[in-house]
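Number of protein chains: 2
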Amino acid sequence: MSGPTLEDVAARAGVSRSLVSLVMRDSPKVSEGRRRAVLAAARELGYRPNLNARTLATGNSGTLGVMISDLHNPYFAEVVDGVEAAAHDNGMEIILGTGGRRPAHERRSVERLLQFRPAGLLLLGPVVETAAIEEAASQVPTVLVARSVRAGHVDTVNDDGATGSALAVEHLAALGHRDIVHVDGGGGSQSSVRRRGYEQAMRRLALSRHLRVVPSEYTDIGGAEAARALLAGDTLPTAIVAANDFNAVGIIGELSEAGVRVPQDVSVIGYDNTHLAGLRHIGLTTINQPREEMGRLATETLLQRLRGERTRAARHLLHPELVVRTSTGAPRS
Amino acid sequence: MSGPTLEDVAARAGVSRSLVSLVMRDSPKVSEGRRRAVLAAARELGYRPNLNARTLATGNSGTLGVMISDLHNPYFAEVVDGVEAAAHDNGMEIILGTGGRRPAHERRSVERLLQFRPAGLLLLGPVVETAAIEEAASQVPTVLVARSVRAGHVDTVNDDGATGSALAVEHLAALGHRDIVHVDGGGGSQSSVRRRGYEQAMRRLALSRHLRVVPSEYTDIGGAEAARALLAGDTLPTAIVAANDFNAVGIIGELSEAGVRVPQDVSVIGYDNTHLAGLRHIGLTTINQPREEMGRLATETLLQRLRGERTRAARHLLHPELVVRTSTGAPRS
DNA sequence: ATACACGCTTGGAGCGCTCCAATGAATGGA
DNA sequence: TCCATTCATTGGAGCGCTCCAAGCGTGTAT
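Protein chains in written order, with full-length UniProt numbering: chain L, 1 to 333; chain S, 1 to 333.
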């Protein structure tokens, strides 16, 4: 059932367990002849090293654990691409767990990941409480992506959400909008930063009295609900800064359903510049986050710490950029 | 570095290693007083069982390995939802690996998953060669989703792709289309089944001479390329059966770019009925696969085998259904 | 009082691997 | 030819856990 072991390979190749172990970790101090014999024996038996045993013996699994908050949001798939590329470049592997955007689910997922004793942990957009993050970080080096936390020993990689939201508001204001609403990401990571950016920008542009926040979450369903709430209200705003792209798509869908045209009647701007925003049907104006780069950077930050090259917490903040497509335009006059 | 062990907890609680072990696996044969003392000690120390050690000792990790062919395709996220729900219902956890739609990448990912000695393996839409699948399956019970394979000991869960494609063709034919092209999923899993279904349906409807297949793949970029190829040709078909939803979205985007309206000029039908298809912007007519149910079924099939309730290979084939939205209509006359 | 059973608890062996110190073989210099 | 040195190879201990047979203490029947 559990497959051949080192011992079996050793017996077959007529050498010792230790020698096979050396070959498997391709040590230079094995003669060419023996190496070939061992490899042949291993292949014949279909031998596959038992990572559990190896990790137990070395205390190092050569694996990074990655927790993805929401498997449905393409944002994370794009970050994972960067993570995986960087990990492979450094000879490490990754294993993933999903959080389902629910704290309890995330805790469970992280717990399982930790039980495998990964060398490090990457949490992508976690919504779990800070305490749980700190607990994980006390166990193993941890990097957060798309979530900031005050804790001293946790590295973070984020885009500058306040600036990003401000870019969105400024873009809309420049088009002539004044009644600009923000649909909020709720408990989602970074949502409060984005909201604050929106509020500050509105104030800076002397639009405080138009300030209005509709609660929602980082999903298209949430966006649709927020749109319904707006439609049910007295006045529709002329522009909406959505929580993220996914959310924006839900908003736009619901608005068109109600006969409200985007951008003629209402402009909508997303956040993240996921793949989705770029689809030609959707053509969502949005704020770009360099997702793949963030994944790479997060991984490299983690590896630096693993190599002991840094002990102070790193706080990477990347620049967001406005990407104008077709979901925003001048307000009706 | 590696955290407290059973031994530490035992020392703190003033009991033996074995007793702590029993408590951790909540065995009924521990007195209430000791149990509480042990749990308290464990909490104080922040003890977390080492799954590597446990798996090594028992030969059973209580974990299912799941390989996702393409993290970007929402289809798989939806299957994973079902997998995870079913796994949790049965007290198991899952860990994920990604395949990036590339055989080499998939092999590597599966390899890593296997090294953790999971109780079973679920491969979602693998594109890797059959031999690699069989090799994995010889190691550990394996279930394939969205990919069929002849091998005797591998269970599969698929929708009936031939029927699905036929539904698509029949729908278009009923609308009055005759020049119906199929954009093919290339090396992607199940693409040949879908193509065959298309061809058979075309013949059955006496449309053989319109039979035309454009090579592509299961991505929107692939779809856009296929659309460009069609646009560059002599005559545009009046309808397109796309490889999958993702692919259809790429096709539609490229067509609209070229000023070809969907469905007025060309009807397009997808496959999978992912979340994407349902977005109101997109409103893609497509073929539904019960994705979450497939995930559940696959997991339960795997668990059955793990419990030794079945030794013969299971071949589940689920019914696809036509979902009509707005991307299909009658051809211009 | 004695025997017995039952329930809780324990130490030892072993899972498959790595690491280390030690062994044996081969090489080169005197 | 002999010894020092290098190089390839080996056995033993130990990683943290589970499993098992055996131990201990209490209660009940005799």
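By construction, the Cβ of each residue, glycine as well, lies at the ideal position given by its N, Cα and C atoms. Since the model is a prediction, treat every value here as computed from it, not as a measurement.
*asked:* I need the DSSP call for residue 256 of chain S, collapsed to helix, strand or coil.
replied: Walking along the second sequence from the start, residue 256 of chain S turns up at place 256. If DSSP states are grouped into helix, strand and coil, residue 256 of chain S belongs with the helices.
*Rounded distance between the beta-carbons of residue 12 of chain S and residue 45 of chain S, thought under 8 Å*: Here residue 45 of chain S corresponds to residue number 45 of the second sequence, with the count starting at 1. Here residue 12 of chain S corresponds to residue number 12 of the second sequence, with the count starting at 1. Correct: roughly 6 Å between the Cβ atoms.
_Closer than 6 Å: residue 234 of chain S CB and nearest the ligand NAP heavy atom_ = What this structure holds is no ligand at all, so the ligand NAP is not there to describe.
*C-alpha distance - residue 272 of chain S paired with residue 190 of chain S, whole-angstrom precision*: For the purposes of this step, residue 272 of chain S is identified with residue 272 of the second sequence, where counting begins at 1. For the purposes of this step, residue 190 of chain S is identified with residue 190 of the second sequence, where counting begins at 1. Distance between the alpha carbons of residue 272 of chain S and residue 190 of chain S is about 12 Å.
*Option nearest residue 179 of chain S by Cα separation, candidates S:208, S:75, S:163*: Position 179 of the second sequence, counting from 1, holds the residue named residue 179 of chain S. Here the closest residue by C-alpha is S:208.
*For residue 58 of chain S, count neighbouring Cβ atoms within 10 angstroms of its own Cβ and tell me buried if that reaches 16, exposed if not.*
In the second sequence, the residue the question calls residue 58 of chain S occupies position 58. The residue is exposed, with fewer than 16 neighbouring Cβ atoms inside 10 Å.
*Give the residues of chain S in contact with residue 134 of chain L, contact being defined as C-beta atoms less than 9 Å apart.*
Here the question's residue 134 of chain L lines up with position 134 in the first sequence. Neighbours of residue 134 of chain L on chain S: none; closest Cβ ~11 Å, over 9 Å.
*With respect to the alpha helix (DSSP H) encompassing residue 90 of chain S, which residues constitute its N-terminal and C-terminal limits?*
Your numbering for residue 90 of chain S matches position 90 in the second sequence. Where residue 90 of chain S is concerned, there is no enclosing alpha helix (DSSP H), given that its DSSP letter is neither H nor E.
_Residues of the UniProt domain "HTH lacI-type" (4-58) of chain L whose Cβ lies closer than 9 Å to any Cβ of chain S, in chain order_ = 46, 48, 49, 50, 51, 52, 53, 54, 55, 56
*To which residues does DSSP link residue 315 of chain L through a beta bridge?*
Stepping through the first sequence from its first residue, residue 315 of chain L is reached at position 315. DSSP output for residue 315 of chain L lists L:156 as bridge partner(s).
_Looking at the secondary structure, which residues open and close the beta strand (DSSP E) in which residue 286 of chain S lies?_
On the second sequence, residue 286 of chain S is found 286 positions in, with the first residue counted as 1. Where residue 286 of chain S is concerned, the enclosing beta strand (DSSP E) stretches over 286-288.
*alpha helix (DSSP H) containing residue 232 of chain L: first to last residue?*
As a first step, residue 232 of chain L must be located in the first sequence, where it is residue number 232. Note, residue 232 of chain L: alpha helix (DSSP H), 220-232.
*Taking only the alpha-carbon atoms, compute the straight-line gap between residue 260 of chain L and residue 231 of chain L and give it to the nearest angstrom.*
Locating residue 260 of chain L in the first sequence gives position 260, counting from the first residue. Locating residue 231 of chain L in the first sequence gives position 231, counting from the first residue. When rounded, the distance between both Cα atoms is 9 Å.
_How far does the beta strand (DSSP E) with residue 175 of chain S in it extend, from its first residue to its last?_
What you label residue 175 of chain S is simply residue 175 of the second sequence in a count that begins at 1. Taken as a continuous stretch (DSSP letters only), residue 175 of chain S belongs to no beta strand (DSSP E), being part of the alpha helix (DSSP H) at 161-175.
_Using a Cβ-Cβ cutoff of less than 6 Å, which residues in the same chain neighbour residue 277 of chain S once the five nearest sequence positions on both sides are dropped?_
Mapped onto the second sequence, residue 277 of chain S falls at position 277. Cβ within range, chain order: 245, 270, 284, 286.
*asked:* Against residue 256 of chain S, what residues of chain L qualify as contacts under a CB-to-CB distance less than 7 Å, listed in chain order?
replied: In the second sequence, residue 256 of chain S corresponds to position 256, counting from 1. Within chain L, the residues near residue 256 of chain S are 280.
*asked:* Could you compute how far the alpha carbon of residue 223 of chain S sits from the alpha carbon of residue 295 of chain S?
replied: Working through the second sequence from its first residue, we reach residue 223 of chain S at position 223. Working through the second sequence from its first residue, we reach residue 295 of chain S at position 295. Cα to Cα, the separation comes out at about 26 Å.
*Check whether the stretch 323-332 of chain S touches the stretch 113-120 of chain S, counting contact only when three or more Cβ pairs, one atom from each stretch, lie closer than 8 Å.*
no
*Can you tell me the Cα-Cα spacing of residue 250 of chain L and residue 219 of chain S, whole angstroms?*
Residue mapping note: residue 250 of chain L aligns to position 250 of the first sequence, counting from 1. Residue mapping note: residue 219 of chain S aligns to position 219 of the second sequence, counting from 1. Their Cα atoms are separated by approximately 22 Å.
_Whole angstroms are fine: how far does the CA of residue 52 of chain L sit from the CA of residue 50 of chain S?_
Within the second sequence, numbered from 1, the residue matching residue 50 of chain S stands at position 50. Within the first sequence, numbered from 1, the residue matching residue 52 of chain L stands at position 52. In a straight line, the C-alpha of residue 50 of chain S is about 10 Å away from that of residue 52 of chain L.
*What residues from the stretch 64-77 of chain L come within 7 Å of chain S, judged by C-beta to C-beta, listed N to C?*
71, 72, 74, 77
*asked:* I want to know whether the stretch 62-76 of chain S touches the stretch 121-129 of chain S - three or more CB-CB distances under 8 Å.
replied: yes
*What number of angstroms, rounded off, separates the C-alpha of residue 318 of chain L from the C-alpha of residue 154 of chain L?*
Numbered from its first residue, the first sequence carries residue 318 of chain L at position 318. Numbered from its first residue, the first sequence carries residue 154 of chain L at position 154. Approximately 17 Å between the Cα atoms of the pair.
*Please compile the residues from chain L whose C-beta is within a distance smaller than 9 Å of the C-beta of residue 289 of chain S.*
As a position in the second sequence, residue 289 of chain S is number 289, starting the count at 1. Simply none; closest approach about 16 Å.
*asked:* Against chain S, which members of the stretch 264-275 of chain L pass a CB distance test of less than 8 Å?
replied: 275
*Nearest to residue 279 of chain S by CA position, among S:3, S:21, S:85, S:325, is which residue?*
Residue 279 of chain S sits at position 279 when you count from the first residue of the second sequence. If we check each option's Cα against that of residue 279 of chain S, S:325 comes out closest.
_Classification of residue 264 of chain L by the beta-carbon crowding that lies within 10 angstroms, buried from 16 upward_ = Position 264 of the first sequence, counting from 1, holds the residue named residue 264 of chain L. The residue in question, residue 264 of chain L, is exposed, as its Cβ has fewer than 16 Cβ neighbours within 10 Å.
*Just how far apart, CA to CA, sit residue 110 of chain L and residue 242 of chain S?*
Counting from 1 along the first sequence, the entry for residue 110 of chain L is found at position 110. Counting from 1 along the second sequence, the entry for residue 242 of chain S is found at position 242. Answer to the nearest angstrom: the Cα atoms are 38 Å apart.
_Rounded Cβ spacing between residue 334 of chain S and residue 157 of chain S (contact assumed at less than 8 Å)_ = Look at the range of chain S in this structure, 1 to 333, and you will see that residue 334 of chain S is not part of it.
*Leaving aside the five residues before and after residue 320 of chain L along the sequence, list all residues of the same chain whose C-beta is less than 7 Å from its C-beta, in chain order.*
Counting from 1 along the first sequence, the entry for residue 320 of chain L is found at position 320. Taken in chain order, the residues that qualify are 159, 160, 163, 164, 167, 287, 288, 289.
*Which residue comes first and which comes last in the alpha helix (DSSP H) that contains residue 9 of chain L?*
Here residue 9 of chain L refers to the residue found at position 9 when the first sequence is read from its first residue. Run containing residue 9 of chain L: 6-13, per the alpha helix (DSSP H) assignment.
*What residue range is occupied by the uninterrupted beta strand (DSSP E) comprising residue 239 of chain L?*
Locating residue 239 of chain L in the first sequence gives position 239, counting from the first residue. Run containing residue 239 of chain L: 239-241, per the beta strand (DSSP E) assignment.
*Where does the unbroken beta strand (DSSP E) through residue 181 of chain S begin, and where does it stop?*
What you label residue 181 of chain S is simply residue 181 of the second sequence in a count that begins at 1. Its beta strand (DSSP E) spans residues 180-184.
_According to DSSP, simplified to helix, strand and coil, what is residue 320 of chain S?_
Within the second sequence, numbered from 1, the residue matching residue 320 of chain S stands at position 320. In this structure, residue 320 of chain S counts as coil in the three-state DSSP scheme.
*Name, in chain order, the residues that DSSP records as bridge partners for residue 122 of chain L.*
For this step, residue 122 of chain L is matched to residue 122 along the first sequence. Beta-bridge pairing links residue 122 of chain L to L:66, L:143.
_Strand pairing of residue 267 of chain S, partner residues [DSSP]_ = As a working mapping, residue 267 of chain S is identified with position 267 in the second sequence. According to DSSP, which records beta bridges pairwise, residue 267 of chain S is partnered with S:239.
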